[in-house]
Amino acid sequence: MEAVQAIQAHTNLKPAIGLVLGSGLGGLADTFEERVVIPYDTIPNWPKSTVPGHQGQLVIGKIEGQTVVAQQGRAHLYEGYTPEQITFPVRVMHFLGAKTIILTNAAGGLNKSFNIGDVMIINDHIYFTGMAGL
Numbered sequence: 011m012e013a014v015q016a017i018q019a020h021t022n023l024k025p026a027i028g029l030v031l032g033s034g035l036g037g038l039a040d041t042f043e044e045r046v047v048i049p050y051d052t053i054p055n056w057p058k059s060t061v062p063g064h065q066g067q068l069v070i071g072k073i074e075g076q077t078v079v080a081q082q083g084r085a086h087l088y089e090g091y092t093p094e095q096i097t098f099p100v101r102v103m104h105f106l107g108a109k110t111i112i113l114t115n116a117a118g119g120l121n122k123s124f125n126i127g128d129v130m131i132i133n134d135h136i137y138f139t140g141m142a143g144l
């Protein structure tokens, strides 16, 4: 896969964990040790996000001794991408060695006990795009 080869040309690190860092969490990758930053526009077939604040780069490095690969920004269906294009980065992370993928995003909820900034686990959602959901 062209994208995997392009990424491996930048580093010998083999990530065991993949992170998709949603809105507000991109700064986590700035704390990685042994950081390697790869702009999306240098990775073949990688979808580019147009969302303000999404940095548009892949970061490989270490957290607490664990090698991780993180997306700082991601593409969305509403930007005109297909589901296959949007999930391409997750497949690339797998081919790089990631066996665990953690997806994050900014989300709203109806539970009045939640406050802005609370961390929650999403196990269902209302999906109005007309495509299959969970």
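Number 45 in the numbering used here belongs to position 35 of the sequence shown; there are no gaps in the numbering.
We put the beta carbon where it would ideally sit given N, CA and C, even for glycine.
Counting along the chain, THR97 sits inside no beta strand (DSSP E); it lies in the alpha helix (DSSP H) bounded by residues 93 to 106. When only Cα atoms are considered, TYR91 and VAL100 end up about 15 Å apart.
Residue LEU31 holds the alpha-carbon nearest to the alpha-carbon of VAL78 among THR52, LEU31, VAL129, GLU12.
Partner residues in the beta bridge of GLU43, as assigned by DSSP, are LYS72. Rounded to whole angstroms, the separation of the alpha carbons of MET103 and MET11 is 12 Å. The C-alpha of PRO25 lies about 25 Å from the C-alpha of ALA116. Contact between the segment 123 to 135 and the segment 39 to 46 is absent: fewer than 3 CB-CB pairs across the two stretches fall below 8 Å. Per DSSP, reduced to three states, the secondary structure at LEU87 is helical. With distances taken between CA atoms, GLY71 lies nearest to GLN18 out of PHE98, GLN18, PRO62.
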